[in-house]
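Engineer: Can you keep this structure in mind? I'll have questions shortly.
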Amino acid sequence: MTATLSSGLEQRWQEVLRRAAIALEGRGVGVWEADARDRLHLLAASSAADVAAGAAAELEATLRDLGELQSPRKPRRWVVSRVRQQRWCIAPVRREPPQPPPTGIERRGRERMMLELAGVCIGLIDDPERRVQELERADCFENAPVGLRWTAADGTILGANQTELDTLGYQRDEYVGRNIAQFYVDPQAAADALQRLRTGETLRNVETRMRHRDGSMRHGLISASGLLAGGQLIHARWATQDVTERQLAEQALTLFKALVESADDAVIGKTLDGTITSWNPAAARLYGYSAEEVIGKPIALLAPPDRVDELPGMLERLRRGERIERYETTRVRKDGTRVEVSLSVSPILDPQGRPIGTTSIAYDVTARKQAEQQLVHGALHDALTDLPNRTYFVERVSQALARVRRDPAYRFAVLFLDFDDFKAVNDSLGHAAGDHLLGEIAGRLRTCVRPGDVVARLGGDEFTLLLEEITGLPDAEHAARRIQDSLATPFSLEGCEILASASIGVALSDPDHGQVQDLLRDADLAMYHAKQQGRARFQVFDVAMRDSAEARSGMEADLRNALERDEFRLVFQPIVELESGRVHGFEALLRWHHPKRGVILPLDFVPLAEQTGLIIPIGRWVLQEACRHARGWQETFPAAAGLRISVNLSAEQLGHPRIVEEVRTALQTAGLAPPCLSLEISERVLMESVESSTTALGQLRGLNVELHMDDFGTGYSSLSALPRFPLQGIKVDRSLVHRMGARRTDLEIVRSIVDLAGNLGLGVIAEGVETVTQRARLIAFGCRLGQGQLFAKPLEPAAAGALLAEPEESDRRIA
């Protein structure tokens, strides 16, 4: 074999060896070559036993020595064959001078120009300290907190630590030997990274997406460097920090911030001592402050003086880790106006569950609170005059009676007023003028009492007064005269002067009065005695007024005979579709045709009928007649096949044990389908006993008839109980419909009622529709049905039938 090379090739060869030595530095690996005489030379070495002894040392060995242990007959040929196959061979060698003990040196080489051989060698000397260092380095590599791998120039994975394998979910034999591009979500990203390494660039914290063995995606920050020799990439070292959880957390945080920024509700972050730390746009809109104006300021900035005291307790609860939900309170805006808000406040907890801050969500409930206040006010006040109504008045008198029982020296009086010939005003000038007059009367009555007294309107032209802290009868008489004097001045009404006098009954408190109704009854009896004496009189109740009770007994006797004498009649008011004007059905209304007193309205005899129990047979007759008429119209007019009939039920009827059977009998006798009958029960009746009402309604609903709450919004706050009743609809009281044009709040109340009914799946019928404007507004609110003077007054049966027949049977339009 030739033992020399040209000088140019020799220089290139030496340069390659020099670079290889640099690359191997610190790795316990040496570079060797064999000359033409088969002698071995250590050209470069690094820190491993014999190899570490220095560069360019002579090794006391030849190629034959390397092969004698393995192939004694042909040792040199065996070594050359192993080198060409790039296989390892192990043999004991010594360097000169032979000072250290013999050591095994692994050699792996390749043939050099077929003239000499060269390769690398690894020292295997038994050095305990060195072994410990190597093991420690291996342990640090394997258990590093980041994934480590090294690859060949083409990306083939040569090795990886356990963190790398765990990050991607692979076993070592599944991972090593494959190309890194196979694990990238975007293989081109792997190719780009390798290309940058080939140019000598070092990669630092490059965002990369890797594919986990289970198919999920992992986010990582890649840092890598390459080992180059002669401008060629030899291999690359990679470090991967798994930031998947951080990435997901950042994405969640970004989404959360976006949600907070776009939320309609005010979201405010605070420290545990109440210092504002964050402020979203909705908070700026709600309170009028920009984020720059409030961040770093105490939350007390938003609390009005009368609400500041509530803050320490709230913060203390939050520091204990408690949540505060739907807390309604008042806050103050930047411009000084007050706003009603609903707050939900939660503590922010650290990983150990300890509160480190708070976040609150607030939304404006001012409109709702105002609407609720209006509803509560409406429940306790008369819609026309804004005076306290019967409910409010009864409660105040009940409180006064309780005080009398505790303190017999305390005295009070109840005055009952009924205006003389008030019906004539309605008949001559219309109901609108009558309502206006009632409002004027209410205003004057207010001026006749002291601040602690109560003026209330019970209904119609009946008013009551509660006079508290009186010394005796003279005080009550003086108040009655003061009222008479106030009413003596004529009222101006539509260009006319109207005199409105009142008959007044006075009842003094007595410890023997058991209930409020006893006082009202006595004052009412006294008022009737005053009315019998003429106009503008007042009368104080005494036992002589039992004569009035006898008169009442006479009316009761007449009422008992009225059914036998066929004195009751039904009239029918159309219920129409507001948009089309088509007749949807009728409400059956009772009238008593008294032989001496003429036509008596239910208001004047139904209370007596209820008190005496006569309402049960009278109500049974109404049910039977209403069903009979409805079925007759259905048979006569084909277009009225689905016509509905509505009938009112009193409290006594609803509570009667046979009411279900009576309704069933009325339907079967008339042949009327149950869905064509609607039973209307007033809001007052239902709310007086919610539980029993719910049970009775459920039994009636079992017949498949429809159930409606009548007079909704007239004195009882039934909003919370409404969903408990098995109702199909509600009827908005005429007083609310009448006031829609007067005050915007009333308009919004009606709108809210219609919306509420819609949300609960209930139909709505508006009562007392008298103007085109009212009709249009109700249609705009989504109210489908209505009744009132705009469409038709209550009609006799023949007139109702004629309405169904005109203008043609297929088109029952009346407006």
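Residue numbers (our numbering): 10 to 824. The C-beta atom is built at its ideal place from N, Cα and C for all residues, glycine as well.
1) Near M564, what residues of its chain come up, given a Cβ to Cβ distance below 7 angstroms and the 5 sequence neighbours on each side ignored?
2) Any chance the stretch 306-317 sits against the stretch 278-298, with 3 or more Cβ pairs inside 8 angstroms?
3) Where do the N-terminal and C-terminal ends of the beta strand (DSSP E) with E700 fall, by residue?
4) Where A441 and N398 are concerned, what is the direct C-alpha to C-alpha distance, given to the nearest angstrom?
5) Would you kindly check if the distance between the Cβ of A162 and the Cβ of H244 is under 8 angstroms?
6) Let me know the secondary structure DSSP gives C505 once reduced to three states.
7) List, from N- to C-terminal side, the alpha helix (DSSP H) runs of 4 residues or more that fit wholly inside the stretch 513-552.
8) So, under 8 angstroms CB-CB, M749 and Q798 are touching, yes? Tell me the CB distance rounded to an integer number of Å.
9) What separation, rounded to the nearest whole angstrom, lies between the Cα atoms of W482 and V515?
10) On a CA-only basis, which of G330, T368, A380 and S518 is nearest E349? Give me that one, please.
11) Roughly how many angstroms separate the alpha carbons of P735 and A422, rounded to a whole number?
12) With a Cβ-Cβ cutoff of 8 angstroms, do I758 and L384 count as a contact?
13) For I609, which option in L568, L623, E619 and E586 has the closest C-alpha, if you only look at C-alpha atoms?
14) Quick one: does the C-beta of A789 sit closer than 7 angstroms to a heavy atom of the ligand SAM?
15) Evaluate contact between the stretch 541-550 and the stretch 580-597, counting only Cβ atoms and requiring at least three cross-stretch pairs below 8 angstroms.
16) Going by beta-carbon coordinates alone, are I654 and A635 separated by less than 8 angstroms?
17) Output the boundary residues of the alpha helix (DSSP H) element that contains E779.
18) Suppose the cutoff is 7 angstroms on Cβ atoms and the five residues either side in sequence are ignored; what does the same chain contact list for F192 look like?
19) By the DSSP assignment, the alpha helix (DSSP H) with N398 in it spans what residues?
20) On the criterion of 16 or more Cβ atoms from any shown chain inside 10 Å, does M226 qualify as buried, or is it exposed?
21) Indicate the three-state DSSP secondary structure (helix, strand or coil) for V403 in the structure shown.
22) Considering only residues of the same chain and omitting the five flanking positions on each side of E619, which have a CB-CB separation below 6 angstroms?
23) By the DSSP assignment, the beta strand (DSSP E) with V385 in it spans what residues?
24) Going by beta carbon distance, what residues of the same chain come within less than 8 angstroms of L632, once the five residues before and after it are set aside?
25) If you count every other CB in all the chains shown that lies within 10 Å of the CB of S501, and 16 or more means buried, which is it?
26) Throw me the rounded Cβ distance for the H228 and Q256 pair, which I believe falls under 8 angstroms.
27) Check for me: the alpha helix (DSSP H) holding T263 runs from which residue to which?
28) Counting C-beta neighbours from all protein chains within 10 Å, is the total for G118 16 or more, i.e. buried, or is it exposed?
29) Closest by CA to R329, which one among V354, L769 and E573?
30) To the nearest angstrom, how far is the alpha carbon of R332 from that of R326?
31) Note down, in chain order, each residue of its chain lying with its Cβ closer than 7 angstroms to the Cβ of M554, except the 5 sequence neighbours on either side.
32) Considering Cα atoms alone, identify which of L242, V194, D462 and D201 is closest to R222.
33) Since T249 and E173 should fall inside the 8 angstroms C-beta cutoff, what is the C-beta to C-beta distance between them, to a whole number of angstroms?
34) State the CB to CB distance for the pair V525 and L410, rounded to an integer number of angstroms; the pair is presumed to be in contact (CB under 8 angstroms).
35) Taking its Cβ as the centre, do 16 or more other Cβ atoms sit within 10 Å of T704, making it buried, or is it exposed?
36) Under three-state DSSP, which class holds G641?
Structural biologist: Judging by the given coordinates:
1) Here residue 564 refers to the residue found at position 555 of the sequence shown. Once the five neighbours on either side are set aside, the close Cβ partners of M564 are L617.
2) yes
3) Here residue 700 corresponds to residue number 691 of the sequence shown, with the count starting at 1. E700 -> not in any beta strand (DSSP E); alpha helix (DSSP H) instead, spanning V699 to R710.
4) Your numbering for residue 441 matches position 432 in the sequence shown. Your numbering for residue 398 matches position 389 in the sequence shown. In a straight line, the C-alpha of A441 is about 20 angstroms away from that of N398.
5) Working through the sequence shown from its first residue, we reach residue 244 at position 235. Working through the sequence shown from its first residue, we reach residue 162 at position 153. It is a contact, given that the beta carbons lie within the stated cut-off.
6) For the purposes of this step, residue 505 is taken as the residue at position 496 of the sequence shown. C505: strand per DSSP, three-state reduction.
7) 525-541
8) Position 740 of the sequence shown, counting from 1, holds the residue named residue 749. Position 789 of the sequence shown, counting from 1, holds the residue named residue 798. That pair is no contact at about 15 angstroms.
9) Walking along the sequence shown from the start, residue 482 turns up at place 473. Walking along the sequence shown from the start, residue 515 turns up at place 506. According to the sequence as given, residue 482 is Leu; it is not Trp. The alpha-carbon atoms of L482 and V515 are separated by roughly 9 angstroms.
10) Stepping through the sequence shown from its first residue, residue 349 is reached at position 340. Considering only alpha carbons, the answer is A380.
11) Residue 735 sits at position 726 when you count from the first residue of the sequence shown. Residue 422 sits at position 413 when you count from the first residue of the sequence shown. The alpha-carbon atoms of P735 and A422 are separated by roughly 42 angstroms.
12) Against the sequence shown, residue 758 aligns to sequence position 749. Against the sequence shown, residue 384 aligns to sequence position 375. Taking 8 angstroms as the Cβ cut-off, I758 and L384 qualify as a contacting pair.
13) In the sequence shown, residue 609 corresponds to position 600, counting from 1. Ranking the options by Cα distance to I609, first place goes to L568.
14) Absence of the ligand SAM from the depicted structure is noted, as is the absence of any ligand whatsoever, leaving it without description.
15) no
16) Here residue 654 is taken as the residue at index 645 of the sequence shown, counted from 1. Here residue 635 is taken as the residue at index 626 of the sequence shown, counted from 1. Cβ distance < 8 angstroms, so I654 and A635 count as in contact.
17) As a working mapping, residue 779 is identified with position 770 in the sequence shown. No alpha helix (DSSP H) contains E779, which DSSP labels as neither H nor E.
18) The residue given as residue 192 occupies position 183 in the sequence shown. The residues are L177, M219 and R220.
19) By one-based count along the sequence shown, residue 398 stands at place 389. First-last for N398: undefined, no H or E at that position.
20) Position 217 of the sequence shown, counted from the start, is the residue given in the question as residue 226. The residue in question, M226, is exposed, as its Cβ has fewer than 16 Cβ neighbours within 10 Å.
21) What you label residue 403 is simply residue 394 of the sequence shown in a count that begins at 1. In the structure shown, V403 sits in a helix (DSSP, three-state: H, G or I).
22) Along the sequence shown, read from residue 1 onward, the residue named residue 619 stands at position 610. These residues qualify, in order along the chain: S659 and E661.
23) Translated into the one-based positions of the sequence shown, residue 385 becomes position 376. That residue, V385, is in no beta strand (DSSP E); its alpha helix (DSSP H) goes T375 to L389.
24) By one-based count along the sequence shown, residue 632 stands at place 623. Excluding positions up to five away in sequence, the list reads V656, E671, V672 and A675.
25) The sequence position of residue 501 within the sequence shown is 492, counting from 1. Burial call: exposed.
26) Mapped onto the sequence shown, residue 228 falls at position 219. Mapped onto the sequence shown, residue 256 falls at position 247. Right, the Cβ-Cβ distance comes to about 4 angstroms (below 8 angstroms), so this counts as a contact.
27) The residue given as residue 263 occupies position 254 in the sequence shown. Run containing T263: T253 to S271, per the alpha helix (DSSP H) assignment.
28) Within the sequence shown, residue 118 is the residue found at index 109, counting from 1. Since pLDDT at G118 reaches only 38, below the 50 mark, its modelled position is unreliable, and the value read off the structure follows with that caveat. Classification for G118: buried.
29) Here residue 329 is taken as the residue at index 320 of the sequence shown, counted from 1. With distances taken between Cα atoms, R329 lies closest to V354.
30) One-based indexing of the sequence shown puts residue 332 at position 323. One-based indexing of the sequence shown puts residue 326 at position 317. In a straight line, the C-alpha of R332 is about 8 angstroms away from that of R326.
31) If you number the sequence shown from 1, residue 554 lands on position 545. Same-chain partners within the cutoff: L534, A535 and H538.
32) Indexing the sequence shown from 1 puts residue 222 at position 213. Of the listed residues, the one whose Cα sits closest to R222 is V194.
33) Your numbering for residue 249 matches position 240 in the sequence shown. Your numbering for residue 173 matches position 164 in the sequence shown. Sure, about 6 angstroms apart at Cβ, within 8 angstroms.
34) By 1-based counting over the sequence shown, the position of residue 525 is 516. By 1-based counting over the sequence shown, the position of residue 410 is 401. 7 angstroms between Cβ atoms; contact.
35) Residue mapping note: residue 704 aligns to position 695 of the sequence shown, counting from 1. Answer is exposed; the Cβ neighbour count stays below 16.
36) Position 632 of the sequence shown, counted from the start, is the residue given in the question as residue 641. In the structure shown, G641 sits in a helix (DSSP, three-state: H, G or I).
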